[in-house]
Every structure is written in C-alpha cells, then in structure tokens.
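First comes the structure, then the notes that go with it.
Protein chains: 2
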Amino acid sequence: MTVKTKGRPRGFDADAALDRAIEVFWRHGYEGASLTDLTDAMGINRPSMYAAYGNKEELFRRAVARYAEHDMAYAREALARPTAYQVIESFLRANVEALTRADRPSGCLSIQGGLAGGSDHGEVARFLAESRLAGERALAARLARAVDEGDLPAGTDPAALARYVMTVSEGNAVHAAAGVDRASLHATVDIALRAVPGRP
Amino acid sequence: MTVKTKGRPRGFDADAALDRAIEVFWRHGYEGASLTDLTDAMGINRPSMYAAYGNKEELFRRAVARYAEHDMAYAREALARPTAYQVIESFLRANVEALTRADRPSGCLSIQGGLAGGSDHGEVARFLAESRLAGERALAARLARAVDEGDLPAGTDPAALARYVMTVSEGNAVHAAAGVDRASLHATVDIALRAVPGRP
DNA sequence: TCATTTCTGTATCGCTCGGTACGGAAAGAA
DNA sequence: TTCTTTCCGTACCGAGCGATACAGAAATGA
C-alpha cells in the first residue's frame, strides 16, 4: 500500500538507512556515533535525517526498535519451544550465534549502545535497560507457565531463573564485544546450562 | 618518605583526586565524562589535571589502575581461598557486594567505562577488555592448579570455567548498572553456582 | 502550464569538546 | 632578599558536535 502524497518523494529507503544506522550505533555506541558517521553510512545528508527521524535520539530509538524486531527475532522463536529447558537452550545458543555473526558487529546493540549515563542524564542507558528488562519479563512469564505445567520443578523461581539466563546472555555479549570467538561462547553456554533444571 | 623538591608544592592530593575521577568515569563512561565534569569533581582546574596526569586518556588509565587495586581487591583475596569452589563463590559474592555498594555508583567501572569503540578507534574499549581478560586468566590459572590438585574433576577445562564465572560477573554488572538490587544479584549467583563442580 | 508541496544540498549556527599559553603566586635554595 | 622552580587560575584555541536556514530541485494536482 503505497500512499499517494503530494510533493517530492523521499530519495532513499528509510528502513534500509535505519539498518545502516544500527551498525554504526552498534559499533560506536550512542554517544560515540556522530551524525557525520551516521549520515555517511546511511547515504543521506543531515537535513534528510532530521526530516525523516526527528533527531539523533529518535533515530537511535527507531534503530533499537528495528534491531529488536529483526536481529532479536530468535528470542521470540525460543519462547515458543515446548519445554523450559529447550526455551533456555535455544535462546542462549541463538544468542551466541547472533553475537558473533560475521556480517554484523560483534556483541549486542542493547549492551554496546550505552551502559553508563553519558552526557545526557542516563536517558539512553535507561531506555536500553528497560528494553532488556522487557525481554527478561517475557522469559519469566514463559518459565512461570512451565512451573504451572510441571515442566519445571515446583518451587522454582521463574523470575530468578529468567534473570540468570539474561545474565549469562549479557555476559556473553560483553565477551563477544571483547572479541571472544563463537566456540568459546558456546562452551560458556555448555556450563551455564548445567544450572538449569530439567536437563535431558 | 616525603621527597624534598624545589618549587611550589602541589595543592591537592593526587590519589584523592583520582578517586573522584573514578566515580565520574564510572557514572558517565569514558566518553561521557567531560573534562569539566572531571575537574569539577576533582576540585582542581584543567591545567593542574594535565600537569599531574598528562591527558584525559592517561587520567582514565590511572583511574582504572587504582580501581583495580582498591575496588577489586576482593578478587585477589578470592583467589587465595583453599578450594576452587570457594574461590568462585567468594569471588561472585564479593563481586555482587562491590556492584551494589551504597557509597559507589552501581555496577563496574570496567564495564561502564566503555564497551563500544567510541570516537577513538576502540582504544579505550580494548584497554578495558584486556584488563578484564587479565583477571580471567588469573582465575583460569588458579582453577588449573585446582585440577592438578584433584580439587576439580579431571577433565575440567579451567579456562572455560573461568570464562563462565567472569561471564556471570559481567552479566551481573550489566544488571547492577540497570538498577537491579543486591538480593536479586545474589539469587542469580545461587543459580550460577549450581553449574560449578565441587559444590559442598 | 503553473501553483503547491516536500525533499535535497550547501553552508552555517551556537555550543561544548579536549587541550594550552601565559602571567602571577608560592614554595625551596642561596 | 633574590633567584629558580613549580604550580595555579584565567582566558582562550581549533575542532567537532548536534541541529538548522535557506534556496533550488523534483514530484503531484488542477
């Protein structure tokens, strides 16, 4: 459904440009990514960026949203697995793959984007933390269902287990950003899974 | 030993000033900490900072070195425990305490300082990654000794186990930076320890 | 064709960044 | 006291930052 509009049409693909912006933010973090870096990578000039996205922070939020939808689709797929153990294993394995894709920067945009409150008053860091927490809550809900179904031992704390899984995933992201290779991250997952109930 | 020198003596305590700088870098990251933030917190003005430390990056390296020596002393103490399990538990527990001290920023300077390569070409991120890796190697060496001593099961990969422990610690640092409380981080450690051989 | 609307490119804004030149102040040495 | 050395404070540098004003180009609708 292409909307008919008056005026000169945009000369670039906004989603494709957003994908380029994702990589720049991923590599350099929110603060470290300058508008020159961004617009050069996106193949547009500044006023076009401002017209299309508003400002740098809005561009970042849009980039993170697209990242969550595309690059983290594996997380939603993992939640659909039949057992809690499979959910967790599938998530951690796919996470390792995503952290070490050859065609993408190492690590995870949500972590590399910015952990500390930079020049702003932690606005961006809080936004990223909240988006990670949303994922943790989704996993906790799935694990709570597993407890109800008897798939996880009664007495298991689904929120704590979900937090543990996210902790491993974030730790792996930190390692990946430091250049640790895929096989080593999988070895970490091998060990991490020993702490998960319901291992086959 | 106070060295007698000619000329006007420095009007501030360089180590105390460094402690203030640590907090600023910790809260805002390397890039997010401006010279104005730093010198204001340190109670000195710019030329004094440049005379005493060289430049911003040198100040940061000195801050990280002091941080490693003081705020991470618990890591060296943990390595001295008699068994591998105690080493790991002691490290992860003390780490959680350090990540959530009321008189310090939440999280860990080594992580919050900067994960992504900012405006520089990843210089600072690489430096921090290398310093974390040094800690991981020290732990791996200690665990290798435990394997030799029969304290850990034969066939245990000490490097992989050390990497797992550091992964949990880094994941907890990410959570702490996001505001997760101390009890929750300890709950994560409870689960993480289940994957460690030699549990009492 | 021509008025209207929207996007593009240049050129620039005010501001903050990391870093410094320079003159005066404060100490020891003689 | 006077010389020498070092530190402190002001005031400033060029560069890069995020963000924009404005004029011309490119599309639609009448």
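Chains as they are written, first to last, in full-length UniProt numbering: chain A, 1 to 200; chain B, 1 to 200.
For glycine and all other residues, C-beta sits at the position ideal for the given N, C-alpha and C.
Can you tell me the Cβ-Cβ gap for residue i and residue j, rounded? I've got them flagged as a contact below 8 Å.
i	j	result
I111(A)	L115(B)	6 Å
A63(B)	F25(B)	6 Å
S119(B)	E23(B)	Going by Cβ atoms, the distance from S119(B) to E23(B) rounds to 22 Å, so no, they are not a contact pair.
A159(A)	A134(A)	Going by Cβ atoms, the distance from A159(A) to A134(A) rounds to 14 Å, so no, they are not a contact pair.
G29(B)	G117(B)	Between G117(B) and G29(B) the Cβ distance is about 12 Å, and since that is not below 8 Å, they are no contact.
T188(A)	R163(B)	5 Å
A195(A)	I191(B)	5 Å
residue 205(A)	D157(A)	Because residue 205(A) is not part of the residues shown, which for chain A are 1 to 200, the question remains open.
Nearest chain B C-beta to residue i closer than 8 Å, yes or no?
i	result
R194(A)	yes
T2(A)	The pLDDT assigned to T2(A) is 46, lower than 50, so where the model puts this residue is not dependable; a value taken from the coordinates is nonetheless given after this. No, T2(A) does not count as interfacial toward chain B.
R46(A)	no
L115(A)	yes
P200(A)	no
E31(A)	yes
How big is the Cα-Cα spacing for residue i and residue j?
i	j	result
residue 215(B)	A21(B)	What the structure shows of chain B is the stretch from 1 to 200, and residue 215(B) is not part of that stretch, so it cannot be assessed.
residue 203(A)	S106(A)	Limits of chain A in this structure are 1 at one end and 200 at the other, which puts residue 203(A) out of reach.
R61(A)	R104(A)	19 Å
T2(A)	R8(A)	Residue placement at T2(A) is flagged as unreliable, the pLDDT there being 46, under the threshold of 50; the coordinate-derived value follows with that caveat. Their Cα atoms are separated by approximately 14 Å.
E136(A)	D13(B)	45 Å
C108(B)	G11(A)	45 Å
M72(A)	R126(A)	19 Å
V124(B)	P200(A)	43 Å
E89(A)	D148(B)	31 Å
R93(B)	A154(A)	26 Å
L193(A)	L193(B)	11 Å
R101(B)	F91(A)	32 Å
H186(B)	M166(A)	14 Å
V132(B)	N55(A)	Just to set this straight, residue 132(B) is Arg in the shown sequence, not Val. One C-alpha to the other measures close to 35 Å.
D40(B)	R66(B)	20 Å
A177(A)	S34(A)	20 Å
M42(A)	R27(A)	14 Å
G122(A)	D37(B)	15 Å
S48(A)	E69(B)	49 Å
A16(B)	V96(B)	25 Å
R46(A)	L59(A)	12 Å
residue 269(B)	L99(A)	The structure shown does not extend to residue 269(B), since chain B is modelled only from 1 to 200, so the question has no answer here.
D19(B)	L18(A)	41 Å
V87(B)	A129(A)	30 Å
E77(A)	Y50(B)	53 Å
L161(A)	S184(A)	23 Å
Let me see if you follow: with CB-CB separation under 8 Å, is residue i close to chain A or not?
i	result
A160(B)	yes
Q86(B)	no
H70(B)	no
I22(B)	no
So residue i contacts chain B; which residues on that side make the cut at Cβ distance below 8 Å?
i	result
R163(A)	H175, V180, S184, A187 and T188
A129(A)	A177, A178 and G179
residue 207(A)	Absent from the structure is residue 207(A), since the part of chain A shown begins at 1 and ends at 200.
S119(A)	H28, G32 and S34
Give the residues of chain A in contact with residue i, contact being defined as C-beta atoms less than 9 Å apart.
i	result
N172(B)	T167, E170 and G171
**Stretch-stretch touch, CB-based, cutoff 8 Å, three pairs: the segment 142-152 of chain B with the segment 79-92 of chain A** = no
**Message:** With three or more C-beta pairs closer than 8 Å as the rule, is the segment 170-185 of chain A touching the segment 165-176 of chain B?
**Reply:** yes
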